[in-house]
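Engineer: Heads up, the sequence shown is in my numbering, so the first residue is 2 and it goes up one at a time. Idealized CB from N, CA, C, for every residue including glycine. The structure displayed is predicted, hence computed values, not measured ones. Mind looking over this structure? Questions follow.
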Amino acid sequence: GLDRVPGLPAGPPAKAGRVESVRIVGRRTRAIAPAFVYLPPQYFQRQFHRQRFPVIVAISGYPGGIMNLAKFLRVPQTADELERTGRLQPTVVVMVRPTIAPPRDTECVDVPGGPKAETFFTKDLTDALRSTYRVGHDPSAWGALGYSSGGSCALQLALRDPQVYTSAASLSGDYRIDDDLTTGSLFGGGPDARQRQRGHDLGWRLRHLPVPRVSVLVASSRQGEKDYGPTMSFLKAVKPPLTAARIILPRGSHHFTTWVREIGPALQWMGSRLTFPQDTTPTAPSPHRAALAARRSSP
2 GLDRVPGLPA
12 GPPAKAGRVE
22 SVRIVGRRTR
32 AIAPAFVYLP
42 PQYFQRQFHR
52 QRFPVIVAIS
62 GYPGGIMNLA
72 KFLRVPQTAD
82 ELERTGRLQP
92 TVVVMVRPTI
102 APPRDTECVD
112 VPGGPKAETF
122 FTKDLTDALR
132 STYRVGHDPS
142 AWGALGYSSG
152 GSCALQLALR
162 DPQVYTSAAS
172 LSGDYRIDDD
182 LTTGSLFGGG
192 PDARQRQRGH
202 DLGWRLRHLP
212 VPRVSVLVAS
222 SRQGEKDYGP
232 TMSFLKAVKP
242 PLTAARIILP
252 RGSHHFTTWV
262 REIGPALQWM
272 GSRLTFPQDT
282 TPTAPSPHRA
292 ALAARRSSP
């Protein structure tokens with residue numbers, strides 16, 4: 002649990018913020034997913050008590066989980082430091098894993114006849130958070146960020162579901178989703194299978210479909226990462242109204258030693274894309290509704 006994560010906020014929430022351990026219950030997908038939720042100090046301060054906050058959904062790689070985001074990538078600790086030094090506006094950060102049917106790698110895809118991971122991220126997760134926390138209702142308040150397969154998922158969400166997520170940051174992610182031994186068949190069979198797979202190929206989408214008005218950040222390394230070539234190809238394919246930023250290191254690896262160097266700049270970039278204050282609410286939502294079964298925890 003959170004007691005195994007060093008450096009989390011400690012003290013009164015209005016001064017230190019808080020990290021909560023929760024379970025997200027999918028009303029449509031019936032998936033149950035563990036999550037950590039970082040709430041900034043402003044969330045608990047009187048002058049902000051009616052304001053809704055922007056949200057960054059941080060997605061781990063596969064087969065990793067939310068502990069990797071908190072312990073090794075240090076997402077909540079980095080967000081807290083950036084906010085305290087004025088480099089990130091007050092933001093709620095929700096840490097989740099990309100699969101909703103472990104040990105299967107669902108890759109944020111709605112599998113025909115199987116797990117509906119895209120629906121979970123675009124409907125169940127967002128509904129649960131909006132009904133439980135004071136977070137923005139407008140898409141301009143929502144961004145997705147991840148490393149490895151979590152980064153792939155973040156890009157897919159922004160380009161496929163821009164009415165939900167308007168920004169995405171990918172650290173060493175892929176630009177197309179393919180079947181492998183951990184995923185099984187993600188796109189089913191029949192005459193529509195090929196088209197379903199193309200829909201998850203971002204290069205194909207940019208060439209053949211209307212381009213969404215979203216912002217993305219991609220990160221890679223010239224040496225040490227196999228995704229450098231695909232990253233540069235993706236950047237060349239970007240066209241308005243899609244906008245893209247990049248973090249390209251001279252040397253790196255597909256490992257936390259590289260991603261921890263990128264997470265701070267990625268959080269700062271995303272914070273600059275999300276709107277705050279988002280909007281106001283006449284009455285605060287109940288602390289925890291049925292959509293999100295919470296185990297409140299603070300170290």
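For my contact list, H50 and S173 are in at a C-beta cut-off of 8 Å; report their separation, rounded to the angstrom.
Structural biologist: So it is not a contact: roughly 39 Å between Cβ atoms.
Engineer: Three or more C-beta pairs closer than 8 Å, one from the stretch 208-217 and one from the stretch 233-249: is that the case here?
Structural biologist: yes
Engineer: Looking at the structure shown, is K344 part of a helix, part of a strand, or coil, going by DSSP?
Structural biologist: Outside the shown range of the chain, which is 2 to 300, sits residue 344, and nothing can be said about it.
Engineer: Taking the beta carbon of P116 as the centre, do at least 16 other beta carbons fall within 10 Å, making it buried, or is it exposed?
Structural biologist: buried
Engineer: Would you mind reading off the limits of the beta strand (DSSP E) that contains A246?
Structural biologist: 244-252
Engineer: Taking S221 as the reference, which of R5, T258, D181 has the closest Cα?
Structural biologist: Out of R5, T258, D181, T258 has the C-alpha closest to the C-alpha of S221.
Engineer: Could you say which of L236, S61, K237, T100 lies nearest to V261 if we only look at CA atoms?
Structural biologist: S61
Engineer: Going by alpha carbons, who is nearest to A169 out of F235, L160, D175?
Structural biologist: L160
Engineer: Expressed to the nearest angstrom, what Euclidean distance is found between the alpha-carbon atoms of V136 and T30?
Structural biologist: Straight-line Cα distance between these residues: approximately 22 Å.
Engineer: Which parts of the stretch 82-133 are runs of the alpha helix (DSSP H), unbroken and 4 residues or longer, counting only runs that do not cross its ends?
Structural biologist: Within the stretch 82-133, the runs of alpha helix (DSSP H) that reach at least 4 residues and sit entirely inside it are, in chain order, 126-133.
Engineer: Can you tell me where the beta strand (DSSP E) with A59 in it begins and where it stops?
Structural biologist: Per DSSP, A59 is one residue of the beta strand (DSSP E) stretching across 56-60.
Engineer: Express the C-alpha separation of D111 and G147 in angstroms, rounding to a whole number.
Structural biologist: 19 Å
Engineer: Using a Cβ-Cβ cutoff of less than 6 Å, which residues in the same chain neighbour V58 once the five nearest sequence positions on both sides are dropped?
Structural biologist: Cβ-Cβ distances below 6 Å link V58 to V95, A145 in the same chain, with the five nearest sequence neighbours on each side left out; the list follows chain order.
Engineer: What do you get for P55, buried or exposed, if any count of 16 or more other CB atoms within 10 angstroms of its CB means buried?
Structural biologist: Burial call: buried.
Engineer: Considering Cα atoms alone, identify which of Y229, Y134, V239 is closest to G253.
Structural biologist: Y229
Engineer: Do L156 and S171 come within 9 Å of each other at the CB atom, strictly closer than that value?
Structural biologist: Going by C-beta atoms, S171 is nearer than 9 Å to L156.
Engineer: Pull the bridge partners of S153 from the DSSP assignment, please.
Structural biologist: According to DSSP, which records beta bridges pairwise, S153 is partnered with nothing at all.
Engineer: Could you pull the start and end residues of the alpha helix (DSSP H) that G272 belongs to?
Structural biologist: Counting along the chain, the unbroken alpha helix (DSSP H) around G272 starts and ends at 257-274.
Engineer: Which term fits P251, buried or exposed, when burial requires 16 or more other beta carbons within 10 angstroms of its beta carbon?
Structural biologist: Classification for P251: exposed.
Engineer: Let's see if you can read the secondary structure: which residues bound the beta strand (DSSP E) around P35?
Structural biologist: 33-40
Engineer: What residues in its chain sit with their C-beta under 7 Å from that of Q43, if we drop five residues either side in the sequence?
Structural biologist: F49, P91
Engineer: May I ask you to report which of helix, strand or coil DSSP gives A80?
Structural biologist: Of the three classes helix, strand and coil, the one that applies to A80 here is helix, per DSSP.
Engineer: Between L203 and the rest of its own chain, which residues show a CB-CB distance below 7 Å, the 5 nearest in sequence each way excluded?
Structural biologist: Excluding sequence neighbours, L203 sits near L156, L160, Y176, R177, F235.
Engineer: Taking R223 as the reference, which of M233, L268, K124 has the closest Cα?
Structural biologist: M233
Engineer: Beta-carbon separation of L89 and I25 under 9 Å?
Structural biologist: L89 places its beta carbon 9 Å or farther from that of I25.
Engineer: Applying the 10 Å Cβ sphere with the 16-neighbour rule, what's the burial state of P103?
Structural biologist: exposed
Engineer: So L19 is in the alpha helix (DSSP H); what residue range does that whole segment cover?
Structural biologist: Note on residue identity: the sequence assigns Arg, not Leu, to residue 19. It is not in any alpha helix (DSSP H) - R19 instead sits in the beta strand (DSSP E) that spans 19-26.
Engineer: Take K227 as the anchor and find which of S149, T123, Q78, K237 has the nearest alpha-carbon.
Structural biologist: S149
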